[in-house]
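>
2 protein chains.
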Amino acid sequence: MPSCHVFIATSIDGLIAREDDDIDWLHLPGAEAEDHGYDAFIAGIDAIVMGRGSFDKVVTFDPWPYPLPVVVLSATMTDADIPDRLAGRVSVLDLPPWEVVAHCAARGWNRLYVDGGRVIQSFLRAGLIVDIVLTCIPVILGAGKPLFGALDRDIPLDHLETRAFPSGLTQSSYRVRR
Amino acid sequence: MPSCHVFIATSIDGLIAREDDDIDWLHLPGAEAEDHGYDAFIAGIDAIVMGRGSFDKVVTFDPWPYPLPVVVLSATMTDADIPDRLAGRVSVLDLPPWEVVAHCAARGWNRLYVDGGRVIQSFLRAGLIVDIVLTCIPVILGAGKPLFGALDRDIPLDHLETRAFPSGLTQSSYRVRR
């Protein structure tokens, strides 16, 4: 069974994007010169699972930032909505979390990067997330899209490591307790 | 002009209490043996400003935990609602943040501990908070009362220090940028 991993940044108030999906506030002065571990993280990943909101954002990036297969979860998109330049690199699924994982398992993708607020929430609720690397940008936004949402039970985490960077960014790694 | 300081703990998802005000999840195994800096923080404080929700919680504690004057902000409570055992130690005000600060200044209280979600939010909106010590408990609650709320502008913070404790608790200190 593939394992699901989260690597994401939030504001101090736990938001991952402004209401209009703007993420410019992620670009903290001085942070670009720091190694926050993303390259090492992505090197251990086989495929990326993201929501439609995240895809709509990253599809505007040129060049396409992911060297890995990307699965977009959407009830309204189809493969026909994928730009030609991404053919074979991005696929669209409309399945619940456990079936997404089974789909990836069938393709030999064993470590999945799960990205985007609603997708992370649904995978957390399904008990599928193994660990979370949470990067915190030192700004309170006051409005936007939250990383976390409603749960019907507590999810305790084991703290693994916390680092602080000269830019003011902090990063904590947690394992989801089984 | 007195300065306003925040020292508060949240869950990973930024909550300060469950919907029913329960805060038992704050008691992390092993954390009681650690020094998270509360005593040093409170030693530099002259008075505590809290909301009615926080007061309703702490008034159930025996003994009363605060060695300092406490101001409860409430539009519905009066001094008559304060138990006799707390007479002279707790007062009730129904004033906006700047007038609360002026009230404290007139009493010679120069460093104020501002506590409780809605009170902290209103003081942040008023530009009155100088620094924030944010302690993070490694649990996702999924439902409860948030520390932060709506703002009409970003509030950038300067990161001062981050510490991680063996219990899994982490703590970051920030100065609100002027």
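Heads up: the sequence lines are chains D and U, in that order.
Heads up: take any position in the first sequence, counting from 1, add 227, and you land on my numbering.
Heads up: take any position in the second sequence, counting from 1, add 227, and you land on my numbering.
For glycine and all other residues, C-beta sits at the position ideal for the given N, C-alpha and C.
Values in this document were obtained by computation on a predicted structure and should not be read as measured data.
For U:C231, which of U:R390, U:P296 and U:D273 has the nearest alpha-carbon?
U:D273
> Contact criterion: CB-CB distance below 7 Å. Does D:H263 meet it with respect to chain U?
no
> Would U:L339 and U:C331 be called neighbours here (beta carbons separated by less than 7 Å)?
Yes; because the gap between Cβ atoms is below 7 Å, this pair is in contact.
> In terms of residue numbering, what span does the alpha helix (DSSP H) encompassing D:Y265 cover?
Y265 to A270
> Could you please give the first and the last residue of the uninterrupted alpha helix (DSSP H) stretch that includes D:H330?
P324 to A333
> Quick test of the definition: if touching needs 3 or more C-beta pairs under 8 Å, does the segment 278-289 of chain U touch the segment 389-400 of chain U?
no
> Going by other Cβ atoms of all chains shown within 10 Å of its Cβ, with 16 needed for buried, is D:Y293 buried or exposed?
buried
> Would D:G271 count as contacting chain U if we go by Cβ distances under 7 Å?
For D:G271, the answer is no, since every Cβ of chain U falls outside 7 Å of its Cβ.
> Comparing the C-beta of D:T362 with each C-beta of chain U, is any distance below 7 Å?
The C-beta of D:T362 comes no closer than 7 Å to any C-beta of chain U.
> Any beta carbon from chain D within less than 7 Å of U:P324's own beta carbon?
no
> Taking the beta strand (DSSP E) that D:L320 belongs to, which residues open and close that run?
Here the beta strand (DSSP E) through D:L320 covers V317 to L320.
> Could you spell out the range, first to last residue, of the alpha helix (DSSP H) harbouring U:L255?
From DSSP, U:L255 is part of no alpha helix (DSSP H); its letter is neither H nor E.
> What does the alpha-carbon distance come out to for the pair D:R312 and D:D289?
11 Å
> Between D:P383 and chain U, is the shortest Cβ-Cβ distance under 7 Å, so that the two count as touching?
yes
> Using DSSP with H/G/I as helix, E/B as strand and the rest coil, what is U:D306?
helix
> Quick check on the DSSP output: what are the complete beta strand (DSSP E) runs of length 3 or more inside the segment 336-375 of chain U, in order along the chain?
Taking only runs of at least 3 residues, the beta strand (DSSP E) segments lying wholly in the segment 336-375 of chain U are 338-342 and 356-364.
> When the Cα atoms are used, what is the spatial distance from U:L300 to U:D262?
About 29 Å.
> Helix, strand or coil for U:L313? Go by DSSP, reduced to three states.
helix
> Within 10 angstroms of the Cβ of D:M277, are there 16 or more other Cβ atoms? Answer buried if so, exposed if not.
buried
> On the criterion of 16 or more Cβ atoms from any shown chain inside 10 Å, does D:G224 qualify as buried, or is it exposed?
Residue 224 of chain D lies beyond the stretch modelled for chain D, which goes from 228 to 405, so this question has no answer here.
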